[in-house]
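Quick note on this note's numbering: the sequence shown kicks off at 2 and runs consecutively.
Everything below concerns the one structure shown next.
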Amino acid sequence: MIYNKEVITILGEKIKLGESKEVTFEVAKLHTSNSVEVPVFVERSKKPGPTVLLTAGIHGDEVNGVEIVRQIIAKGINKPKSGTIICIPVINVFGFINITRDFPDGRDLNRVFPGSLKGSLASRVAHKLIKEVIHEVDFIMDFHTGGAGRFNAPQIRIIKGSKKLDQLAQKFGAPFVLYSKNLNKSFRSTCHKLGKPMLLFEGGKSFHIDNTVTNHGVNGVKRVLHSLGMLSAKFKVSKPKKDCVFIHESKWIRAKYSGMFKATAAINSIVQKDEIIGNITDPYGKFNHFVKADNTGYIINVNELPIVYQGDALFHISKDKI
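And the structure:
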């Protein structure tokens, strides 16, 4: 692999070694004829190194991921001492403006990759991202949060069987590394097929910025960049407080009844099989169902909604032997 070509082309803009450039990703035009544009920040060192892409906001309501990439830019962490760093803080700007998950066409952007030049609006944006950005990229870190009121413990998601991804996930240093399959037509799946490795970070929940989760994301990026020889010497690299736990198997506990829900088990904690971890009640004081853990494991996701319906996901628990 040839690192740091003399000139790279991002969204039609040629960027030379040592240059910094803010490139425009023109998503579409509104019905008012106004253009909808997303800024893409490209920072290139004069020294050779990989090209790393940081993305967030594929789902417009996942603002915690946007905050992580924003901090990377604001603090100057994206100015590499070697290689190239590209930042796209908000891919789904339509969803971000309206604080909604999907595109105006009702589609989930993360289910239409690699997209199509003649497809739906979401499909066209996916196509442009793949064809005009990803072709120049060597490695990606993509930032997400839990959806529908479910709070994710900070975690990296990767596929099994890649030593390179295992090593990069270890370097990132999130509390958990969860092995999960690439979903069909997702950004991660498409990048994998193109030979572009990705760490997918999950942390927090939609409509919410959590300082602890944000710190995990920012510190993880610094650790990875440092391991690649790209982080400026002015930034300190902290060691994770605990070794990250690799999770090979996990299970969702779902609500057996509809009602008012309250979790009693904390995120990141270890629970024992048959331990009471929450309860579901009715509004009238006539019913109280205790939710118990099906197995011993780590709590890696908790539903924080006060009202749940039968079948709703309540807890995500690891199943690996502790």
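We put the beta carbon where it would ideally sit given N, CA and C, even for glycine.
Check                                                                                                                             : Outcome
Within 8 Å, strictly: CB atoms of Tyr310 and Ser239                                                                               : no
Same chain, Cβ closer than 8 Å to Gly148, five either side skipped, listed in chain order                                         : His60, Asp62, Glu63, Arg102, Lys206, Ser207
Closest by C-alpha distance to Asp321, when choosing among Gln273, Ala170, Ala264                                                 : Gln273
Exposure label - Val8; buried when at least 16 CB within 10 Å                                                                     : exposed
C-alpha gap between Gly120 and Leu184, whole angstroms                                                                            : 20 Å
Per-residue burial, Leu118 [other beta carbons within 10 Å of its own, 16 or more giving buried]                                  : exposed
Three-state class that DSSP yields for His209 in the structure shown                                                              : coil
Own chain partners of Gly230 with C-beta closer than 8 Å, once the 5 adjacent residues on each side are dropped                   : Gly50, Lys82, Ser83, Gly84
Supposed close pair Ile300, Asn269 - CB separation, criterion 8 Å                                                                 : 7 Å
Lys237 versus Val222, Leu315, Asp244, residue with shortest Cα-Cα distance                                                        : Val222
Environment of Ala75 [buried if 16+ CB atoms lie within 10 Å]                                                                     : exposed
Cutoff 7 Å; reference Ile263; Cβ partners in own chain excluding five residues on either side                                     : At residue 263 the sequence reads Lys, which differs from the Ile that was named. Taken in chain order, the residues that qualify are Gly279, Asn280.
Exposure label - Lys172; buried when at least 16 CB within 10 Å                                                                   : buried
Spatially closest choice to Cys192 from Asp139, Lys242, Ala170, by CA coordinates                                                 : Asp139
Alpha helix (DSSP H) segment containing Gly148, residue limits                                                                    : Counting along the chain, Gly148 falls outside any alpha helix (DSSP H), and DSSP gives it neither H nor E.
Cβ-Cβ distance between Ile323 and Asp295 below 8 Å                                                                                : no
Run of the alpha helix (DSSP H) containing Ala123, from where it starts to where it stops                                         : 122 to 133
Secondary structure of Thr191, DSSP reduced to three states                                                                       : helix
Secondary structure, alpha helix (DSSP H): runs of 4+ residues fully inside the region 75 to 99                                   : 94 to 99
For Asn289, the residue or residues it bridges with in DSSP                                                                       : Thr282
Nearest residue (CA-CA) to Val39, options Lys47, Val53, Leu12                                                                     : Leu12
Gln72 in three-state terms, based on DSSP                                                                                         : helix
8 Å Cβ cutoff met for Val67 and Ala57                                                                                             : yes
Sequence-distant residues of its chain with Cβ nearer than 6 Å to Leu166 (five each side left out)                                : Ile159, Pro198
Range covered by the alpha helix (DSSP H) that runs through Leu1                                                                  : Look at the range of the chain in this structure, 2 to 323, and you will see that residue 1 is not part of it.
Alpha-carbon spacing of Lys182 relative to Gly196, whole angstroms                                                                : 16 Å
Per-residue DSSP class, three states only, for His390                                                                             : An answer regarding residue 390 cannot be provided, because it is not within the stretch 2 to 323 covered by the chain.
Separation of Ile318 from Phe131, as counted between CA atoms                                                                     : Phe is not the amino acid found at residue 131; the sequence shown has Ile there. Spanning the two alpha carbons is a distance of roughly 34 Å.
Through-space distance from Leu315 to Leu55, alpha-carbon basis                                                                   : 30 Å
Contacts around Val246, its chain only, beta-carbon distance under 6 Å, and the 5 residues preceding and following it disregarded : Phe177
CB-CB length for Asn65 against Gly174, believed under 8 Å                                                                         : Not confirmed; about 18 Å, so no contact.
Extent of the continuous beta strand (DSSP E) to which Ala57 belongs                                                              : 52 to 57
Asn185, DSSP secondary structure in three states                                                                                  : coil
Beta-ladder partner(s) of Leu201, from DSSP                                                                                       : Asp143, Arg158
Unbroken beta strand (DSSP E) run spanning Gly298, endpoints                                                                      : 298 to 304
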